[in-house]
Amino acid sequence: MQHPDLMPLVYDELRRIAARYISRERPGQTLQATALVNEAYVRLAAERPREFANKTHFLAIAALSMRQILVQRARARNAAKRGGAPHRVTLDDRNVGGNTPAGIDVLALDEALSRLALLDPEQARIVELRYFGGLTVEETADVLGSSPATVKRHWAMARAWLKQALDPGVSSV
Amino acid sequence: MTPEQWKRLKPIFDGALAQPLDARRAWVQQACGGDEALRRDAEALLASHETAGDFLEEPARLDPSDLDTLPAGTALGSYRIVREIGRGGMGVVYLAEDNLERQVALKTLPPILGADNQLRERLRREAHAAATINHPAVATVYVLDEIDGHLVIVSEYVEGDTLRTLLSRGAMDSTHAHALAVEIAGALAAAHRARVIHRDLKPENIIVTPAGRIKVVDFGIAHIEAPEQARLTVPGMMLGTPAYMAPEQLAGGVVTPRADVYAFGIVFSEMLTGQHPLAGPAGLIPPRFAAIIQRCMNPDPNERYASGSELLAALASGAPDTGIEHTATGSPRWWWEFHQAITAVVYWMMTWPAWKGREIIGGPLGRALFIAALIAVIVAASLRLHLWFTSRFYPAQLRWARRRNATWIRAADWLFVATLAVTGVLVGEDRSPVAVVLIAVAVGAAIAFLVIERATARAAFRSSATPREEARHP
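First to last, the sequence lines map onto chains A and B. Start counting at 1 in the first sequence, then tack on 755, and there's your number in this note's numbering. Start counting at 1 in the second sequence, then tack on 1, and there's your number in this note's numbering.
Printed below as a string of structure tokens:
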């Protein structure tokens, strides 16, 4: 499933699509991962039929790319907030929206997910595909070569564990 | 949690979920056997599951502000993004092409922040101000536009290395540095004439083109120099790069073109020595530039050159007017010069009583004392005459000369006073008038260099040196 040379292509395509949304849409609108990923697939599969013939393969890459994009931006936003670069203007923070309606801290999630990957790589993959890639249970099962029932079970446990990990009141799991 | 614990936890969790809600706890208790830790973990995880709600159920969303970098090829109005070339004070700067495939620099304000009126207003001012400057060493501003929700400034794209890159290779040859400094001063002069202050002059904002000419860019925090707009910034909002900011800028006070002059002083100094002037001892700066730089970097803005034009005049002439005029008779500096000359004369006059003292004391001691006195006289008098001469004919170098000779003159003074006093005391047993003269002069000389000289120097040189520093100089 690892095709490092295809990563940049997918990554760029996702950003390009998002940029087009920026130009068209009003600020404040957010873009759902599912929509982005699907559109990216349609375009790339048309452009490069041989490399992206396998949709599930593409979806796996896309999910990873989305995760990277979001984590990077969250880091950059944090650095700007803390005044990381000393000569930057300190703007009053008008951080409208953010990417998580439920107020999920992307960086915390990313870190917890990395820890989960050490305990259970498959569960971590599932979270990545479902949350960052916007895949359905069936699509996820397809990518992993597993059954939807298994995916559902693993998804439940991963979710529970991550929620614990992200809950500041609970000591580290 | 360890992988082993996880492995044991998994079947417990899976099994529990298969049970009806109210049977779960009992099932878990049984399945864990006596393992308390496992039971605790399982129960915690189950509780988390039961209260998870729709946690993570909705896939991630991308906020457009997450992607404030426009990828290559993006069309922005009639411009096409080629690549990002940097991040300025308030936005990203791209290399772009217009519809005639001409290269331009495109600076954007993030769309989310474009909604902030205060920042948009400042950006508009910035562009308007910069656009009124017309000078070969200033990157021209072409257009201020709003495209697809982005506020953009389109300006001349300048190819070349920044001065920072050049400086990373070390100090520059002083002739080259001077030539570039003249160009930079020219850019500042043009800006100040247009009543624009750069506010963030530094090597990163100065580009040297392949042809070796200067272009000052990113008048990004420029603002129109008008009293009613002097408070456009919010208190606490700091603009500019601290290492190059004038003291009044750092204090958040009113900023004038003299702040640019200060920054220029630092940049010029860096060009000549290869390092920031406040970063510690560096190489020696040629005297003709040292005075200019010193004046640029005066903590009191009123002591600096008033604007780029004055600075340019000082630089271009090569024999700079450093603010130390030729001495007018009766002025404080005239008195200081007089003191130097008189002291030298008196010191020389004391060689005769010293000689007499040697005769009276006799022997090797007498000889030694005389020789010591003679050395002191030669050093102190000669150096003082040197300073007098420099002050009269090379005023620009005076500050530098004073600093260089201070220690020697001071040492010679002390030696002079000591030898004269000792000689006088030794002679005094004979009650010779020579003793009186010797001791009197010793005391007089001590008073002279400790008190009188310090006063005349302080009056003559209203300098930026601290009183302690000043006290060390003649």
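Where a beta carbon is used, it is the ideal one built from N, C-alpha and C, also for glycine. A quick note: this is a predicted structure, and the numbers were derived from the prediction, not measured.
- For R305(B), there are no C-beta contacts with chain A under 9 Å, since the nearest C-beta of that chain is about 22 Å from it.
- Residue state for S433(B) is assigned as coil, using DSSP reduced to three classes.
- One Cα belongs to A818(A), the other to I294(B), and the distance between them is close to 57 Å.
- Secondary structure at G87(B): strand, using DSSP grouped into helix, strand and coil.
- For the 8 Å CB-CB criterion, S308(B) and H193(B) form a contact.
- In terms of Cβ geometry, I185(B) and V268(B) form a close pair [threshold 8 Å].
- In the DSSP assignment, V217(B) falls within the beta strand (DSSP E) that extends over 215-217.
- By the Cβ neighbour-count rule, N135(B) is exposed, with fewer than 16 other Cβ atoms within 10 Å of its own.
- Selection G281(B), L285(B), L10(B), L316(B) evaluated against R296(B) yields L316(B) as nearest (Cα-Cα).
- For D15(B), the enclosing alpha helix (DSSP H) stretches over residues 4-19.
- Distance from the CA of A879(A) to the CA of E894(A), rounded to the nearest whole angstrom, comes to 16 Å.
- Straight-line measurement puts the Cα of I453(B) at about 22 Å from the Cα of V437(B).
- Sixteen is the threshold: when 16 or more other Cβ atoms of the shown chains lie within 10 Å of the Cβ of P278(B), as they do, the residue is buried.
- Beta bridge pairing from DSSP links S156(B) with A106(B), V142(B).
- With a threshold of 8 Å between beta carbons, K918(A) makes contact with chain B.
- When the five nearest sequence neighbours on each side are left out, the beta carbons in the same chain lying within less than 7 Å of the beta carbon of Q398(B) are those of P288, T391, in order along the chain.
- The alpha-carbon separation between Q30(B) and R40(B) amounts to approximately 6 Å.
- Secondary structure note for V209(B): its beta strand (DSSP E) is the uninterrupted segment 207-209.
- Just measuring C-alpha positions, the residue of T891(A), A788(A), E794(A) sitting nearest R822(A) is A788(A).
- Taking 8 Å as the threshold, the shortest C-beta distance from F813(A) to chain B does not fall below it.
- When the five nearest sequence neighbours on each side are left out, the beta carbons in the same chain lying within less than 8 Å of the beta carbon of V906(A) are those of I881, V892, T895, A896, L899, in order along the chain.
- Exclusion of the five residues before and after I148(B) leaves L77, G78, Y80 as the residues of its chain whose Cβ lies within less than 8 Å of its Cβ.
- The beta carbon of D15(B) falls within 8 Å of a beta carbon belonging to chain A, placing the residue at that interface.
- Not a single CB atom of chain A sits nearer than 8 Å to the CB of S79(B).
- Contact note: R885(A) reaches chain B through L57, P60, using a C-beta cutoff of 8 Å and chain order.
- Put simply, of F417(B), L285(B), L427(B), T408(B) the residue whose alpha carbon is nearest the alpha carbon of I379(B) is F417(B).
- Contact check for T163(B) and E205(B): beta-carbon distance about 5 Å, within the 8 Å limit, so the pair qualifies.
- Closer than 8 Å to the CB of T895(A) there is not a single CB belonging to chain B.
- In the DSSP assignment, E147(B) is bridged to L152(B).
- Contact annotation: in the stretch 33-53 of chain B, residues whose CB is within less than 9 Å of a CB in chain A are D42, A45, L46, L47, A48, S49, H50, E51, T52, A53.
- Taking 8 Å as the cut-off, the beta carbon of L152(B) is found no closer than this to the beta carbon of A915(A).
- With fewer than 16 neighbouring CB atoms inside 10 Å of its own CB, A808(A) falls in the exposed class.
- In terms of beta-carbon proximity, A788(A) lines the interface with chain B, with at least one pair separated by less than 8 Å.
- Per the DSSP secondary-structure output, A76(B) pairs in a beta bridge with R81(B).
- Counting every other CB atom within 10 Å of its CB across the protein chains shown gives K8(B) a total below 16, marking it as exposed.
- For E883(A), there is no enclosing alpha helix (DSSP H), as DSSP marks it with neither H nor E.
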